[in-house]
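Reviewing the structure listed below.
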DNA sequence: CTCGAAACGTAGGATATCCTCCACTTGAAG
DNA sequence: CTTCAAGTGGAGGATATCCTACGTTTCGAG
């Protein structure tokens with residue numbers, strides 16, 4: 219973790235502590251109140267003044283980045299672990315299950331968090347898909363972006379149902395998985411013409 | 219303040235015109251800017267003062283209701299038509315396709331709009347499911363709420379992808395449908411213990 | 001211990017939106 | 001045409017959030 223400002227200068231010990239407290243508070247507040255939560259709430263929870271927040275994180279996006287860093291790292295690790303599994307289908311289902319589990323800890327910000335994290339591991343995602351298709355375990359007409367869409371949709375379902383039914387997304391994921399198998403395959407409408415770009419997904423990175 | 223409109227009292231002709239203009243403007247603005255759009259924008263687009271908006275629609279929810287009335291009516295008609303189709307599976311797929319199409323006209327507010335409209339036709343939805351299950355065309359462990367979740371998720375996908383890929387949700391829906399068939403069925407985790415309540419879905423009705 | 005730079009918190013201006021108040025306008029009944 | 005309740009628009013107070021200015025406090029090197 220940092221310890222350095224953007225200019226690469228060393229932070230004073232107390233400043234470093236405050237910076238970490240802000241990132242931790244932001245994670246909690248974003249999860250509880252969504253990504254549009256007032257920055258003042260975050261400063262208050264971190265036990266610092268609002269100016270300290272702005273000094274460390276000039277914009278909401280920089281703060282979001284700091285919060286997302288862990289999530290993205292976790293996402294990365296999950297997809298790597300999935301690729302390391304011998305059986306491609308097991309790897310794929312494991313991947314989807316684990317990132318949904320990860321999202322369910324983000325509560326109100328699950329959907330957007332997942333979208334951003336998902337985009338950042340797109341190459342590995344594509345690899346995961348290709349591998350399962352080569353093994354004949356995954357319908358051949360599935361595009362990696364379809365998986366991205368799937369997680370975005372389930373992310374939203376998590377946001378909506380998590381407060382009163384923590385199992386809803388598991389059922390939904392199970393349904394979706396059955397639709398991914400080659401055995402079930404009926405022709406998909408038509409493949410997407412372009413790949414997702416980050417900004418096309420309506421998220422700031 | 220007379221609760222004129224609520225009591226069904228007849229409005230003056232000009233007032234009636236303004237009321238209709240407000241509802242139309244609200245539909246456009248909500249679609250373009252989302253359901254949290256400033257009410258002042260709506261008044262401006264309708265060509266009336268903000269007070270007129272508040273007189274006709276005291277709260278955002280009442281305005282949303284007026285806008286949704288058409289959507290809900292359309293949703294209702296779609297589900298009725300689906301029930302009238304002879305083949306249950308054809309009815310079900312037709313229903314899902316048509317409401318997604320409907321949602322894709324709501325742009326930025328597709329997700330929430332669909333959720334609200336879906337909740338309002340829940341009984342018919344349950345009927346649609348039961349009928350297809352009785353015919354053995356739909357996996358038996360599917361709950362009507364699963365369908366609601368599905369549409370919520372696809373509603374979100376529509377919001378995200380509509381600006382640059384109008385076909386994404388069709389692929390996603392096709393995938394989901396393959397997962398709904400009995401042939402593809404693998405046991406779902408466990409059924410939901412409670413039915414969705416309107417407020418539990420995080421929407422104001 | 002001393003002291004300057006680094007970091008801090010608070011106060012408050014700017015902006016956006018909500019919602020109400022009130023003096024003016026207008027439809028339509030008689 | 002006259003009349004007046006129904007209807008209207010826009011000003012402005014209240015509130016929430018963003019972001020900055022500035023005087024005060026604290027770290028840590030010497």
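Residue numbers (the working numbering), protein chains in the order written: chain A, 219 to 423; chain B, 219 to 423. In this text, a Cβ means the ideal position worked out from N, Cα and C, and glycines have one as well.
Delimiting residues of the alpha helix (DSSP H) encompassing residue i
| i | result |
| --- | --- |
| residue 397 (chain A) | 386-398 |
| residue 362 (chain B) | 362-379 |
| residue 356 (chain A) | It is not in any alpha helix (DSSP H) - residue 356 (chain A) carries neither H nor E in the DSSP assignment. |
| residue 228 (chain B) | No alpha helix (DSSP H) holds residue 228 (chain B); DSSP gives it neither H nor E. |
| residue 329 (chain B) | 328-338 |
| residue 406 (chain B) | That residue, residue 406 (chain B), is in no alpha helix (DSSP H); it is neither H nor E in DSSP. |
| residue 253 (chain B) | Careful: residue 253 (chain B) lies outside any alpha helix (DSSP H) and carries neither H nor E. |
Local Cβ density within 10 Å of residue i, reported as buried at 16 or more and exposed below that
| i | result |
| --- | --- |
| residue 291 (chain B) | exposed |
| residue 269 (chain A) | exposed |
| residue 397 (chain B) | buried |
| residue 363 (chain A) | buried |
| residue 254 (chain B) | exposed |
| residue 389 (chain A) | buried |
| residue 377 (chain B) | buried |
| residue 299 (chain A) | exposed |
| residue 261 (chain A) | buried |
| residue 228 (chain A) | exposed |
| residue 267 (chain B) | exposed |
| residue 272 (chain A) | exposed |
| residue 245 (chain B) | buried |
Proximity test, Cβ basis, 8 Å: residue i and chain A
| i | result |
| --- | --- |
| residue 402 (chain B) | yes |
| residue 386 (chain B) | yes |
| residue 396 (chain B) | yes |
| residue 390 (chain B) | yes |
| residue 378 (chain B) | yes |
| residue 368 (chain B) | yes |
| residue 228 (chain B) | no |
| residue 240 (chain B) | no |
| residue 393 (chain B) | yes |
| residue 349 (chain B) | no |
| residue 399 (chain B) | yes |
Distance between residue j and residue i (C-alpha atoms, nearest Å)
| i | j | result |
| --- | --- | --- |
| residue 293 (chain B) | residue 339 (chain B) | 8 Å |
| residue 370 (chain B) | residue 394 (chain B) | 13 Å |
| residue 361 (chain A) | residue 354 (chain A) | 15 Å |
| residue 330 (chain A) | residue 248 (chain B) | 20 Å |
| residue 401 (chain A) | residue 386 (chain B) | 22 Å |
| residue 231 (chain B) | residue 251 (chain B) | 30 Å |
| residue 347 (chain A) | residue 243 (chain B) | 44 Å |
| residue 321 (chain A) | residue 288 (chain B) | 34 Å |
| residue 278 (chain A) | residue 264 (chain A) | 16 Å |
Short CB-CB distance (under 8 Å) between residue i and chain B
| i | result |
| --- | --- |
| residue 372 (chain A) | yes |
| residue 406 (chain A) | yes |
| residue 364 (chain A) | yes |
| residue 375 (chain A) | yes |
| residue 423 (chain A) | Summary for residue 423 (chain A): the model assigns pLDDT 36, below 50, so the residue's position carries little reliability, and this model does not support an answer. |
| residue 318 (chain A) | no |
| residue 314 (chain A) | no |
| residue 343 (chain A) | no |
| residue 278 (chain A) | no |
| residue 329 (chain A) | yes |
| residue 253 (chain A) | no |
| residue 237 (chain A) | no |
Problem set entry | 4 or more residues per run - each alpha helix (DSSP H) lying fully within the region 267-325 of chain B | 268-274, 278-302, 306-321
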